[in-house]
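Take a look at the structure below.
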Amino acid sequence: MTPTGNVYLVSGVTDMRKSIDGLSLIVADTLEMDPFSQAWFIFCNRGRDKLKILFWDTNGFWLYYRRLEKGHFKWPVPKCDDAIHISKQQLHWLLSGLTLDNPKAHRPIFGLEV
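Everything in the sequence shown is counted per my numbering, starting at 7 for the first residue and increasing by one.
Below, the structure is given as structure tokens:
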């Protein structure tokens with residue numbers, strides 16, 4: 007599946023023992039965002055080798071879990087306990103082991119006219 011709405015990284019460290027209820031409470035209470043929106047919320051553990059992605063779809067939550075056997079995710083250093091809005095392309099970079107600010111990637115061009 008690919009995100010249809012916004013994608014947010016939940017900065018900082020998340021206890022990966024939390025399930026759907028615990029993660030949705032973080033979204034609602036800490037971030038003051040709507041867990042029932044079309045947004046994807048991505049959480050990472052202290053070791054940066056586990057991710058959970060939470061999102062609402064029509065009549066229930068999806069919870070994706072990814073554990074790396076080797077290596078780490080290039081998780082950004084948190085500036086505060088907040089959510090970082092990222093693009094779908096940046097999500098693919100993160101899941102592929104790249105940084106969110108990939109200097110070798112082509113940047114999108116906006117405002118073009120023919």
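C-beta: ideal position from N, C-alpha, C; glycine also. As the structure is a prediction and not an experimental result, all values here were calculated from the model.
DSSP has residue 91 in a bridge; who is on the other side?
Along the sequence shown, read from residue 1 onward, the residue named residue 91 stands at position 85. Beta-bridge annotation (DSSP): residue 91 is paired with 14.
Starting from the C-beta of residue 44, find all residues in its chain whose C-beta is less than 6 Å away, skip the five residues before and the five after it, and write them out in chain order.
Start at 1 with the first residue of the sequence shown, and residue 44 comes out as number 38. Close CB contacts of residue 44 within its chain, under the 6 Å cut and outside five residues either way in sequence, are with 10, 11 (chain order).
Quick check: residue 60 and residue 26, are their CB atoms within less than 8 Å of each other?
For this step, residue 60 is matched to residue 54 along the sequence shown. For this step, residue 26 is matched to residue 20 along the sequence shown. Yes; because the gap between Cβ atoms is below 8 Å, this pair is in contact.
Just verifying my parser: in three-state terms, what is the DSSP assignment at residue 21?
Sequence index remark: in the sequence shown, residue 21 carries index 15 (1-based). Coil at residue 21, not helix or strand.
C-alpha distance - residue 57 paired with residue 48, whole-angstrom precision:
Sequence index remark: in the sequence shown, residue 57 carries index 51 (1-based). Sequence index remark: in the sequence shown, residue 48 carries index 42 (1-based). Their Cα atoms are separated by approximately 7 Å.
Quick one: using the 10 Å Cβ neighbour count with 16 as the cut-off for buried, is residue 16 buried or exposed?
On the sequence shown, position 10 is the one that residue 16 refers to. Residue environment: residue 16 is assigned as buried (16 or more neighbouring CB atoms within 10 Å of its CB, all protein chains considered).
Taking contact to mean at least 3 C-beta pairs separated by less than 8 Å, is the stretch 96-106 in contact with the stretch 21-36?
Under the Cβ criterion (8 Å, minimum of three pairs), the stretch 96-106 does not count as touching the stretch 21-36.
Rounded distance between the beta-carbons of residue 14 and residue 62, thought under 8 Å
Here the question's residue 62 lines up with position 56 in the sequence shown. Here the question's residue 14 lines up with position 8 in the sequence shown. No, residue 62 and residue 14 are not in contact; Cβ-Cβ is about 13 Å, not under 8 Å.
Could you tell me which of 77, 29, 96, 115 sits nearest to residue 67, measuring between CA atoms?
Here the question's residue 67 lines up with position 61 in the sequence shown. Cα-wise, what sits closest to residue 67 is 29.
Give me, in chain order, the residues of the same chain whose beta-carbon lies closer than 6 Å to that of residue 55; leave out the 5 immediate sequence neighbours on both sides.
Mapped onto the sequence shown, residue 55 falls at position 49. For residue 55, where only same-chain residues beyond five positions count, the Cβ hits under 6 Å are 74, 78.
How should residue 83 be labelled, buried or exposed, when 16 other C-beta atoms within 10 angstroms of its C-beta is the threshold for buried?
Within the sequence shown, residue 83 is the residue found at index 77, counting from 1. Classification for residue 83: exposed.
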